[in-house]
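Here's the structure we're looking at; comments come further down.
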Amino acid sequence: MPEVIFTGEKGRLEGRYQPAKTRNAPIAIILHPHPQFGGTMNNPVVYNLYYQFVNRGFSTLRFNFRGVGRSQGSFDHGQGELADAAAALDWAQSINPDARACWIAGFSFGAWIGMQLLMRRPEVEGFISIAAPANLYDFSFLAPCPSSGLFVHGDKDAVVPFSAVTGLVEKLKTQKGIIIEQQTVAGANHFFDGRTEELMEVVGTYLDKRLPGTRKKESAA
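In terms of the working numbering, the sequence shown opens at residue 18 and continues consecutively.
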């Protein structure tokens, strides 16, 4: 899990990167929760998401948004963080020029940023959005959503009501050619405290369905 530093809009960004063993392996970018509420790339959900993709042969990057950890800059209410995510994808593509595809996975605030990046980058073919804050941020830019993916939510989430995410998913399901799935983790709060293992089972099952033939190793978590 080598440490990496790459250049963002406001200076250096700090990340952890695991290269794949094959040249044309897909890329995965993992995005962390809100920087002003303790979100970092070492969040347990982000850490475990990272290994869900590493263990399936992706070249995988997680990083700290501007102003978090050793990443330079300061919080920019989403616009700057979207630029950071784009810089992360640019960097990963620059060292993986033969990568055939890309996935985005985000948790809470990171899910909102990830879905915006999805709209701007046609090479993104799949997404995982965990605890997407559909009541706190505007997701109307997903019109239409260009890629199939998975929304996962805890049924005890007191930060983002389950109904808010369900409403978003139902809107996205009306699009032809795009398959949007929604899964629930029973008993999980917004942070999936004590439910990370169940969350990763949901994510892993979805990835194995979408990516048949990828060899799954033992989870690092």
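Just so you know, even glycine gets a beta-carbon here, dropped at the ideal spot from N, CA and C.
Less than 6 Å between C-beta atoms, sequence neighbours within five positions excluded: which residues of the same chain meet that for A181?
A151 and N152
Quick one: using the 10 Å Cβ neighbour count with 16 as the cut-off for buried, is P139 buried or exposed?
exposed
Would you call H170 buried or exposed, if buried means 16 or more other Cβ atoms sit within 10 Å of its Cβ?
buried
Tell me the DSSP secondary structure of A237 in three-state form.
Only weak support exists for where A237 lies, its pLDDT of 43 falling under 50; the value from the coordinates is given anyway. DSSP places A237 in coil when its eight states are reduced to three.
With DSSP as the reference, label F70 as helix, strand or coil.
helix
Name the two residues that bound the continuous beta strand (DSSP E) containing L78.
S76 to F80
Using a Cβ-Cβ cutoff of less than 8 Å, which residues in the same chain neighbour S164 once the five nearest sequence positions on both sides are dropped?
L135, V141, E142, G143, F144 and I195
Nearest neighbour of N81, chosen from R29, P43 and N113 [CA to CA]
R29
List the DSSP bridge partners of T201.
H170
Rounding to the nearest angstrom, what Cα-Cα distance links L159 and R87 in this structure?
32 Å
Leaving out the 5 sequence neighbours to the left and right, which residues in its chain are closer than 6 Å to H49 when beta-carbon positions are compared?
G56, T57, M58, N60, V63 and G127
Give the single residue among P52, E214, I47 and C162 whose Cα lies nearest to the Cα of A104.
I47
Tell me where the beta strand (DSSP E) around E31 begins and ends.
G28 to Q35
Where E140 sits in the DSSP three-state scheme
coil
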